[in-house]
Ligand code: PEP
């Protein structure tokens, strides 16, 4: 596998038949061959995806995880060790849709991060400012506060995804200069606060599409892409993977 990491977040989309068709077309697509790529279907379809992806280079991720690490009476929850058991490698933690609709607190996110690492999986910790926070100029402080939760990991392996909330699912893309500025800031902050973390991969997410992937992924500060809408279309997702493969 070569190039930067691309993770497809399916969000709450998919059905057995549609997933089968999409995953089969991904497995056949030359654009995805050799790419460092993962998909994160809804919990209900992780088993199906794991079966279809067995023996392939496409990795599996989950979109969320319980903050409770041990099995027990937590109706409706899915633990990190269950995600490991079905073959996940990555787990999204703190996606802005979880923060917004489910009011996930920093304390819960810290527990989720720890549970993911304890299960031997890699958290993909999402940070990013709202439009109001961007316009107020406070976006760096917002991102720094979100990053501070990572201290619970004590340097364990982690991926960070910078996703400006105003660019997610809106078709609005942050400019290459805006992306580079925040990615540089995140990398510097991680290095300062989580010593030795210069190697942390920082993905960009927010309306990444076939037509902007080249410019975004060419940035040295960008370690890959977290892709929502475009990950449901094999041609678009393939072109993003193609852009990622050209990079190192
Ligand atoms: C996401 O879900 O993380 C995301 C970036 O979505 P989209 O690509 O649709 O903006």
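In this note's numbering, the protein residues as written are 1 to 248. Just so you know, even glycine gets a beta-carbon here, dropped at the ideal spot from N, CA and C.
Test item: CB-CB of residue i and residue j under 7 Å
{"i": "residue 38", "j": "residue 61", "result": "yes"}
{"i": "residue 14", "j": "residue 50", "result": "no"}
{"i": "residue 129", "j": "residue 142", "result": "yes"}
{"i": "residue 261", "j": "residue 162", "result": "A query on residue 261 cannot be resolved here, the shown segment of the chain reaching from 1 to 248 and no further."}
{"i": "residue 173", "j": "residue 215", "result": "no"}
{"i": "residue 47", "j": "residue 84", "result": "no"}
{"i": "residue 234", "j": "residue 12", "result": "no"}
{"i": "residue 221", "j": "residue 178", "result": "no"}
{"i": "residue 35", "j": "residue 245", "result": "yes"}
{"i": "residue 206", "j": "residue 31", "result": "no"}
{"i": "residue 180", "j": "residue 219", "result": "yes"}
{"i": "residue 322", "j": "residue 52", "result": "It is not possible to answer for residue 322, since the shown part of the chain is limited to 1 through 248."}
{"i": "residue 9", "j": "residue 40", "result": "yes"}
Enclosing beta strand (DSSP E) for residue i [first to last residue]
{"i": "residue 246", "result": "It is not in any beta strand (DSSP E) - residue 246 carries neither H nor E in the DSSP assignment."}
{"i": "residue 4", "result": "2 to 9"}
{"i": "residue 224", "result": "224 to 227"}
{"i": "residue 110", "result": "Segment 106 to 118 is the alpha helix (DSSP H) holding residue 110; no beta strand (DSSP E) there."}
{"i": "residue 124", "result": "122 to 127"}
Endpoints, alpha helix (DSSP H) assigned at residue i
{"i": "residue 59", "result": "First-last for residue 59: 59 to 62, but that is the beta strand (DSSP E), not the alpha helix (DSSP H)."}
{"i": "residue 161", "result": "That residue, residue 161, is in no alpha helix (DSSP H); its beta strand (DSSP E) goes 159 to 162."}
{"i": "residue 86", "result": "Run containing residue 86: none; DSSP gives neither H nor E here."}
{"i": "residue 149", "result": "It is not in any alpha helix (DSSP H) - residue 149 carries neither H nor E in the DSSP assignment."}
{"i": "residue 26", "result": "16 to 28"}
{"i": "residue 136", "result": "131 to 136"}
{"i": "residue 231", "result": "Segment: none, residue 231 is in no alpha helix (DSSP H) and carries neither H nor E."}
Close Cβ partners of residue i (< 7 Å) along its chain, the five nearest in sequence each way excluded
{"i": "residue 189", "result": "144, 147"}
{"i": "residue 223", "result": "4, 5, 201, 202, 203"}
{"i": "residue 64", "result": "92, 98"}
{"i": "residue 158", "result": "122, 123, 125, 150, 200"}
{"i": "residue 229", "result": "169"}
{"i": "residue 110", "result": "149, 152"}
Close-in-space but distant-in-sequence residues of the same chain around residue i (CB under 6 Å, 5 per side omitted)
{"i": "residue 243", "result": "213, 214, 217"}
{"i": "residue 59", "result": "38, 89"}
If we count Cβ pairs, one from each stretch, closer than 8 Å, do we get three or more for the region 65 to 76 versus the region 132 to 139?
The region 65 to 76 is not in contact with the region 132 to 139.
What runs of the alpha helix (DSSP H), each 4 residues or longer, lie entirely inside the region 30 to 76?
If we require 4 residues or more, the alpha helix (DSSP H) runs fully inside the region 30 to 76 come out as 46 to 53.
For the region 166 to 220, list the alpha helix (DSSP H) runs that are entirely contained and at least 4 residues long, ordered along the chain.
Taking only runs of at least 4 residues, the alpha helix (DSSP H) segments lying wholly in the region 166 to 220 are 176 to 193, 213 to 217.
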